[in-house]
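Following: one structure in structure tokens, then a few remarks.
Protein chains: 2
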Amino acid sequence: MWPHPVAAAGKVLEEAILKRRPPTVLDVAKRASVSVGTVSNVLSGRVKVSDAKRGLVLRAISDLSYTQNKLAQGLRQKRSPLIGLCVPFTSVSYFAALVDAFEEVASDRGFEIMQVLTRQEPEKELQRVKSMLRYHVGGIMMLPSVAPQRSFDLIAESGTPLVVIDRPTADPRFDQVTFDNYAAMHEAVSRLIALGHRHILFVVRQRLLSVTVDRVRGLEAAIRDSGKQVAVNILECRYDEAAFISRLESELKSGQRRPTAIVVSNSLLTTWTFRALRLFGIRCPDDVSLLSIDEPDWSDLVDPTLSTIRPPTRAIAFTAWDLLMRRMRNEAQQVDRVELRAEVIFRDSIAPPPRRKPARSEASPQRTMARS
Amino acid sequence: MWPHPVAAAGKVLEEAILKRRPPTVLDVAKRASVSVGTVSNVLSGRVKVSDAKRGLVLRAISDLSYTQNKLAQGLRQKRSPLIGLCVPFTSVSYFAALVDAFEEVASDRGFEIMQVLTRQEPEKELQRVKSMLRYHVGGIMMLPSVAPQRSFDLIAESGTPLVVIDRPTADPRFDQVTFDNYAAMHEAVSRLIALGHRHILFVVRQRLLSVTVDRVRGLEAAIRDSGKQVAVNILECRYDEAAFISRLESELKSGQRRPTAIVVSNSLLTTWTFRALRLFGIRCPDDVSLLSIDEPDWSDLVDPTLSTIRPPTRAIAFTAWDLLMRRMRNEAQQVDRVELRAEVIFRDSIAPPPRRKPARSEASPQRTMARS
DNA sequence: AGCGCATATTGAATGGTTTCAATACATCCT
DNA sequence: AGGATGTATTGAAACCATTCAATATGCGCT
Chain H
36 MWPHPVAAAG KVLEEAILKR RPPTVLDVAK RASVSVGTVS NVLSGRVKVS DAKRGLVLRA
96 ISDLSYTQNK LAQGLRQKRS PLIGLCVPFT SVSYFAALVD AFEEVASDRG FEIMQVLTRQ
156 EPEKELQRVK SMLRYHVGGI MMLPSVAPQR SFDLIAESGT PLVVIDRPTA DPRFDQVTFD
216 NYAAMHEAVS RLIALGHRHI LFVVRQRLLS VTVDRVRGLE AAIRDSGKQV AVNILECRYD
276 EAAFISRLES ELKSGQRRPT AIVVSNSLLT TWTFRALRLF GIRCPDDVSL LSIDEPDWSD
336 LVDPTLSTIR PPTRAIAFTA WDLLMRRMRN EAQQVDRVEL RAEVIFRDSI APPPRRKPAR
396 SEASPQRTMA RS
Chain B
36 MWPHPVAAAG KVLEEAILKR RPPTVLDVAK RASVSVGTVS NVLSGRVKVS DAKRGLVLRA
96 ISDLSYTQNK LAQGLRQKRS PLIGLCVPFT SVSYFAALVD AFEEVASDRG FEIMQVLTRQ
156 EPEKELQRVK SMLRYHVGGI MMLPSVAPQR SFDLIAESGT PLVVIDRPTA DPRFDQVTFD
216 NYAAMHEAVS RLIALGHRHI LFVVRQRLLS VTVDRVRGLE AAIRDSGKQV AVNILECRYD
276 EAAFISRLES ELKSGQRRPT AIVVSNSLLT TWTFRALRLF GIRCPDDVSL LSIDEPDWSD
336 LVDPTLSTIR PPTRAIAFTA WDLLMRRMRN EAQQVDRVEL RAEVIFRDSI APPPRRKPAR
396 SEASPQRTMA RS
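Protein chains in written order, with our numbering: chain H, 36 to 407; chain B, 36 to 407.
Listed below in structure tokens is the structure:
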């Protein structure tokens, strides 16, 4: 007497169910009466499988509601479809928008994001990079800190594809996607100078950061190109609001080199600056003009509305993704360095400087200071 | 003649180096002349190892600069030290702050974050939950959508510990950490009523969301407790700024039930509302008072400064983490439901309603409407 | 010295997938 | 029919860390 077919099917089910463990390729293979290799081929689609067998396999997969174990897959392939995403914070809106865009495209393409935060500290960065590598991530997107060399070396040594975003690096080993800080800064500062500003304060987080260097170059070029005498002061500050405010105050009250325009490096510092100006009773744009790099989402809500350099966030994310994929598929011909353009948006926070203390008495339009 | 010790050591190195692959426990074990079991015991610290052997092992680890393969570890242990973090977006500051706090505590404790975004859509959520489970994450933090049932079932079935954050659920299977929306809303609305408001508009994203339900309960209770006649309108809207603005406009211009106070459910909608009021030329707080749930970071930068309900973001993250760890270590006695308190911050965007059209002529303080 | 007990150490088996050399099968041509 | 060519399928081996039953070692006591 032959075993009843239904009972037989039941018996195949048994293994996975009785042992209360998720079904494996082996379970699927048994139920579909094929080999594990065939199941794997159906799953990956890399090798042609006859329609008949494919049907059996798909049937078995859905019967058992089998799901791939990505850890085992990653172990075997030595690369998991995890993508490491390394940014300083998520609580800065520009970074958050980047993360958001990356997750969107990653999940659409069947990848997952492993997110690590560096807090802008090279040590922390190194530690976080090591964590990513322990998971054998298939690729890394990284917004590097000031001193990313050791992290870069580790990544290069591991052979993991890396795309550097937002902050250009001299390292010739990696693809990178940035926006043209030089041009954006040149455009913005040229406007300030045209309006008559001759004392500019540039507030930055870290002077050594490559983006900062580019921005300073753009600023200086704009001054040269204008042919005017413009004094520039750079204020570097840690992330500590109280300390920042007091340093800003002393800058703004130093009679001689008192700035009439402030350019701020990121949206967090802009928030603080804006708050500080209120606190000091300094009016914007009457007393001082303000321009922010990294557009905060409240730019058009405040009074005055804020002039900004708006980074092409989503374009950066999508471009970086494409580069990373190309590299993961080994299709990269050479190192790519893409530079996108940022949009400079002039709103009300920029105006001609006040008339008093004219450094060289430029012809700035007459303007009453009162506004009430 | 015995092999020279140095040559022997060199020979041990060979394997990993010649084959150009990262060293494994086996390589470490050979070099330290111990068994793989011992190496594993040193690594995990779960079993006591003599100081002598431990020294040898540590030495070998550093010599070879061995790093654990977390994929293999996860495969064997059936749980990886990856923590799935599931939120709607990162581009809303409240969510971004949560993510930030989670990453901080996770990386301090040697865990990594796998971040997935649900876009508030149950379908997407389910898909993302499946992705997490395929990686056999050790635990999940989730800010659920309106209809999380299937996701919950899947998670429960997989046996993965889950902590539900921010949005209370009736599901009795999972720990949860929320803040007291009822109390916060009660406090805020009581103040509005005390100031004389009798027409309140509540702008929400999704009426069915549990937090919304709680907030509405708090609102209604505040009205009951006040003993006054207060009309409430609820405006539900998708995430589409143009559509939202036009719906808001019709609400604000509907002569009869025209609200004098608006409560908005999250910071993104608050941004839109704020922008819309400007657009319509409706003054705040003169014509209408405004209160935001989820404190945007520009609350004190705009004019008028914004009244808000500030969620205890970091406390939520840390509490949720502790609950999750307890559950991952199987120390949980019962299902925990922690409810933290939110802070209600009254700033300038709240004032008594304008005098015109007194519904029942309450004694609100005389107030000239003109301002500039 | 001999015995028993406690602790440290060992290493084969395990987990789930993919890979790839080997095999089976089908097709076509002469 | 016989042989050659090409494609589909198979299943053992590999990936790497952990587990745990079995063994080895050390210690104390008589």
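For every residue, glycine included, the Cβ atom is placed at its ideal position computed from N, Cα and C.
Can you look up residue i in the DSSP assignment and give me helix, strand or coil?
i	result
Thr354 of chain B	helix
Asp215 of chain H	coil
Gly90 of chain B	helix
Phe237 of chain B	strand
Ile190 of chain H	helix
Asn268 of chain B	strand
Ala367 of chain H	coil
Pro389 of chain B	coil
Val69 of chain B	coil
Ser289 of chain B	coil
Ser85 of chain B	coil
Glu222 of chain B	helix
Leu104 of chain H	For clarity, residue 104 of chain H is Asn in the given sequence; the question names Leu instead. Asn104 of chain H: coil per DSSP, three-state reduction.
Ile317 of chain B	coil
Leu227 of chain B	helix
Arg202 of chain H	coil
Per DSSP, which one or two residues make a beta bridge with residue i?
i	result
Ile96 of chain H	In DSSP, Ile96 of chain H forms no bridge with anything.
Arg372 of chain H	H:Gln211
Cys121 of chain B	B:Val151, B:Met177
Arg345 of chain B	B:Glu378
Leu197 of chain H	H:Ile175
Val298 of chain H	H:Phe237, H:Leu326
Ser115 of chain H	H:Val172
How long is the line joining the alpha carbons of residue i and residue j, rounded to whole angstroms?
i	j	result
Glu139 of chain B	Ser324 of chain B	37 angstroms
Asp135 of chain H	Leu230 of chain H	37 angstroms
Asp321 of chain H	Arg292 of chain H	17 angstroms
Leu110 of chain B	Arg310 of chain H	51 angstroms
Trp37 of chain B	Ser68 of chain H	Unreliable positioning characterises Trp37 of chain B in this predicted model, as indicated by a pLDDT of 30, which lies under 50. The coordinate reading is nonetheless provided below. Rounded to the nearest angstrom, the two C-alpha atoms are 55 angstroms apart.
Asp332 of chain B	Thr306 of chain H	8 angstroms
Met363 of chain H	Asp357 of chain H	10 angstroms
Thr415 of chain B	Val248 of chain H	An answer regarding residue 415 of chain B cannot be provided, because it is not within the stretch 36 to 407 covered by chain B.
Thr125 of chain B	Ala131 of chain B	5 angstroms
Val267 of chain B	Ala257 of chain B	12 angstroms
Gly253 of chain H	Glu192 of chain H	35 angstroms
Gln155 of chain B	Ile344 of chain B	21 angstroms
His171 of chain B	Pro196 of chain B	11 angstroms
Arg242 of chain H	Glu374 of chain H	21 angstroms
Glu49 of chain B	Glu158 of chain B	Any reading at Glu49 of chain B must be qualified, since the residue scores a pLDDT of 48, below 50, and its modelled position is unreliable; the value itself is stated next. Glu49 of chain B and Glu158 of chain B: Cα-Cα distance of roughly 51 angstroms.
Thr204 of chain H	Pro388 of chain H	36 angstroms
Leu16 of chain H	Pro123 of chain B	The shown model of chain H, from 36 to 407, leaves out residue 16 of chain H, and the question about it has no answer.
Asp338 of chain H	Asp335 of chain B	12 angstroms
Cys272 of chain B	Met220 of chain B	20 angstroms
Label residue i either buried or exposed according to how many other C-beta atoms from any shown protein chain fall within 10 Å of its C-beta, with 16 as the threshold for buried.
i	result
Arg376 of chain H	exposed
Lys105 of chain H	buried
Glu147 of chain H	buried
Ala95 of chain B	buried
Ser245 of chain B	buried
Lys288 of chain H	exposed
Lys113 of chain H	exposed
Gly173 of chain H	buried
Arg55 of chain H	exposed
Gln211 of chain H	buried
Pro207 of chain B	exposed
Gln369 of chain H	exposed
Interface residues of the stretch 285–312 of chain B facing chain H [CB-CB below 7 angstroms]: Along the stretch 285–312 of chain B, going in chain order, the ones with a CB nearer than 7 angstroms to a CB of chain H are Thr306, Phe309, Arg310.
Within 9 angstroms of chain H by C-beta, residues of the stretch 263–274 of chain B in sequence order: Of all residues in the stretch 263–274 of chain B, none is placed with a Cβ closer than 9 angstroms to any Cβ belonging to chain H.
Members of the stretch 131–158 of chain B that neighbour chain H once the beta carbon cut-off is set at 8 angstroms: Those residues of the stretch 131–158 of chain B that come within reach of chain H (Cβ to Cβ, closer than 8 angstroms) are Ala131, Ala132, Val134, Asp135, Glu138, Glu139, Ser142, Glu147, Ile148, Met149, Gln150, Val151, Leu152.
Residues from the stretch 91–113 of chain B in contact with chain H, defined by Cβ distance under 8 angstroms: Those residues of the stretch 91–113 of chain B that come within reach of chain H (Cβ to Cβ, closer than 8 angstroms) are Thr102, Gln103, Asn104, Lys105, Leu106, Ala107, Gly109, Leu110.
Under 8 angstroms (Cβ pairs) to chain B, residues found in the stretch 62–74 of chain H: Within the stretch 62–74 of chain H, no residue qualifies.
Contact list for the stretch 158–181 of chain H against chain B, Cβ threshold 9 angstroms: Within the stretch 158–181 of chain H, those residues whose Cβ lies closer than 9 angstroms to any Cβ of chain B are, in chain order, Lys159, Gln162, Arg163, Lys165, Ser166, Met167, Leu168, Arg169, Tyr170, His171.
Short-range partners of chain B found in the stretch 359–371 of chain H, where Cβ spacing is below 9 angstroms: Residues of the stretch 359–371 of chain H with a C-beta less than 9 angstroms from any C-beta of chain B: none at all.
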